[in-house]
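K.L.:
At the far end of the sequence shown sits residue 227, using numbering that gives the first Met the number 0, and the numbering has no gaps.
Below is the structure I would like to discuss, written out as C-alpha cells.
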Amino acid sequence: MRGKFITFEGGEGTGKSTQVELLARTLVKKGWDVVVTKEPGGTEVGKEIRRLLVCGDKDKMDATAEALLYYADRHIHMVQKILPALENGKIVISDRFADSTKAYQCYGYGERVSKEVVDELYRIAVGDFKPDLTIVLDIDPEKGLRRSFAKADNMAEKELRFESRALEFHTNLREGFKIIAEEEPERCVVLDADKSIDELHQSVMNVVEQRLGLFTEKCDSNHIEEIG
Ligand SMILES: Nc1ncnc2c1ncn2[C@@H]1O[C@H](COP(=O)(O)OP(=O)(O)O)[C@@H](O)[C@H]1O
Ligand SMILES: [Mg+2]
C-alpha cells in the first residue's frame, strides 16, 4: 500500500518542528513506518542548496533565483526521498513544502514572484504530486516570533526581529498561508496554534485521523528515520 505524505506549514514559531516530531512519535507507536524530513535541505544535495538559501547574503540573489533554488531542492527531495518512501508504504512528514515557497515568495513582501511563475515551477518540478494532507499552523506573528526568540538573550537581536517591517512581513506571510489553504480545502487544514503543545498535538491527531484514518489502521513495523 502506498504511504501518505503529510506536510506542516506556517510562519516562524508556530510550532511546526515540535508538532512534526510529536506526530511522528505517535504514528510510530501506532505501528507505522515514519520518515521525518524538511525543506529546504531534506537530501544531501538539498543541504548544499539550503546553505545557499539560508547562509548567503540575501541581497546577492533575487526572488526568482531563490524560487528556482527552492524548487531544485524540492524536486530532488521528492524524487530521491519522498516518493521512494511512499512507495514503501511509509508515512512521510515534511517540515515545510511547496506552500512555504508560495507564502514567502508571493505574499511575504507583496507580489515579489508572481503566483503564475510559482505555479509553473511547481508543475515543472513536482508535476501532479501533492501532499495527502497539509496542516497549516496559524498564530499571531508577534506570539510566534516571541516563541522563536524566547531563548535568545541578545536584546539587540530581539529588537531587530520585532521591528515593524519584519512584523508586517510575518503578517503578510500568515495571510498568504490562509489564502493558500482556502484555495485547496480538500488538502489543507488550518489549525489555531495558540494553545499548549499537547492541545495542539491533540488537534493534529484529530485532523490526521479525520482526513487519513491513520490511527484506526495499523501496520506491523515500528521504525522512524530522521535526517540529520
Ligand atoms: N504550543 C506551544 N506553546 C508554547 N511554546 C511552543 C509551542 N510549540 C512550540 N513551542 C516552542 O516555541 C519554539 C518554536 O517552536 P518550533 O516548533 O521550533 O516552531 P517552528 O518550527 O514553527 O518555527 C520552541 O522553543 C518550542 O519549544
Ligand atoms: Mg522549525
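C-beta atoms are modelled at their ideal positions from N, C-alpha and C, and glycine is treated no differently.
#1: Valine 96 to threonine 6, Cα distance in whole Å?
#2: Can lysine 15 be considered in contact with ligand 1, in the sense that its beta carbon sits closer than 6 Å to one or more heavy atoms?
#3: Whose CA, out of Gln201, Ile134, Asp127 and Tyr103, lies closest to the CA of glutamate 167?
#4: Determine the direct distance from the alpha carbon of aspartate 72 to that of alanine 64, and round the result to whole angstroms.
#5: Below 6 Å, is the gap between the Cβ of arginine 248 and the nearest heavy atom of ligand 1?
#6: Quick check: leucine 190 and lysine 3, are their CB atoms within less than 7 Å of each other?
#7: Going by alpha carbons, who is nearest to serine 99 out of Cys187, Lys194, Thr215 and Leu21?
#8: Check whether the Cβ of glycine 12 lies closer than 6 Å to any heavy atom of ligand 1, and answer yes or no.
#9: Roughly how many angstroms separate the alpha carbons of isoleucine 81 and isoleucine 178, rounded to a whole number?
#10: Which term fits glutamate 0, buried or exposed, when burial requires 16 or more other beta carbons within 10 angstroms of its beta carbon?
#11: Under three-state DSSP, which class holds phenylalanine 161?
#12: Tell me, please, whether the CB atom of alanine 124 is closer than 7 Å to any CB atom in chain C?
#13: Could you tell me which whole alpha helix (DSSP H) segments of length 4 or greater appear in the stretch 9 to 47?
#14: Using 8 Å as the cut-off, can you tell me whether the stretch 22 to 31 makes contact with the stretch 116 to 125, which would need three or more C-beta pairs spanning the two stretches below that distance?
#15: Taking only the alpha-carbon atoms, compute the straight-line gap between lysine 15 and arginine 173 and give it to the nearest angstrom.
#16: Leaving out five residues before and five after leucine 159 in sequence, what residues of the same chain have Cβ atoms less than 7 Å from its Cβ?
#17: Please work out which residues of its chain come closer than 7 Å, Cβ to Cβ, to glutamate 141, disregarding the five sequence neighbours upstream and downstream, and give them in chain order.
#18: Taking just the CA atoms, how far does leucine 22 sit from valine 207?
#19: Can you tell me the Cα-Cα spacing of isoleucine 48 and lysine 37, whole angstroms?
#20: Using DSSP with H/G/I as helix, E/B as strand and the rest coil, what is lysine 114?
#21: For phenylalanine 148, does the three-state DSSP call read helix, strand or coil?
#22: Please state whether the Cβ-Cβ distance between tyrosine 69 and alanine 124 is less than 7 Å.
#23: For lysine 3, which beta-bridge partners are listed by DSSP?
P.N.:
Checking against the coordinates, here is how it stands:
#1: It is phenylalanine, not valine, that sits at residue 96 in the sequence shown. Cα-Cα distance, rounded: 6 Å.
#2: Relative to ligand 1, lysine 15 has its C-beta within less than 6 Å of a heavy atom.
#3: Considering only Gln201, Ile134, Asp127 and Tyr103, the residue with the shortest C-alpha distance to glutamate 167 is Tyr103.
#4: Each residue's Cα considered, the two are about 12 Å apart.
#5: This structure cannot settle anything about residue 248, because the visible part of the chain is limited to 0 through 227.
#6: No.
#7: Of the candidates Cys187, Lys194, Thr215 and Leu21, the residue whose Cα lies closest to the Cα of serine 99 is Cys187.
#8: Within the cutoff, so yes.
#9: Roughly 26 Å between the two C-alpha positions.
#10: Note that residue 0 is methionine in the sequence shown here, rather than glutamate. Exposed, since its Cβ has fewer than 16 Cβ neighbours within 10 Å.
#11: Residue placement at phenylalanine 161 is poorly supported in this model, since its pLDDT is 48, which falls under 50; the coordinates still yield a value, given next. Three-state result, phenylalanine 161: coil.
#12: Among the chains of the structure shown, chain C does not appear; only one protein chain is present.
#13: DSSP runs (the alpha helix (DSSP H)) wholly in the stretch 9 to 47: 15 to 28.
#14: The answer is no - the stretch 116 to 125 does not touch the stretch 22 to 31, with fewer than three Cβ pairs under 8 Å.
#15: Cα to Cα, the separation comes out at about 14 Å.
#16: Only weak support is given to the placement of leucine 159: the predicted model assigns it a pLDDT of 47, under 50, and the question is left unresolved by the model.
#17: So the qualifying residues of the chain are Leu166.
#18: Roughly 9 Å separates the two Cα atoms.
#19: The straight-line gap from Cα to Cα measures roughly 13 Å.
#20: Correct three-state label for lysine 114: helix.
#21: In the structure shown, phenylalanine 148 falls within a coil segment according to DSSP collapsed to helix, strand and coil.
#22: No, Cβ-Cβ distance for tyrosine 69 and alanine 124 is not below 7 Å.
#23: Looking at the DSSP output, lysine 3 shares a beta bridge with Ile90.
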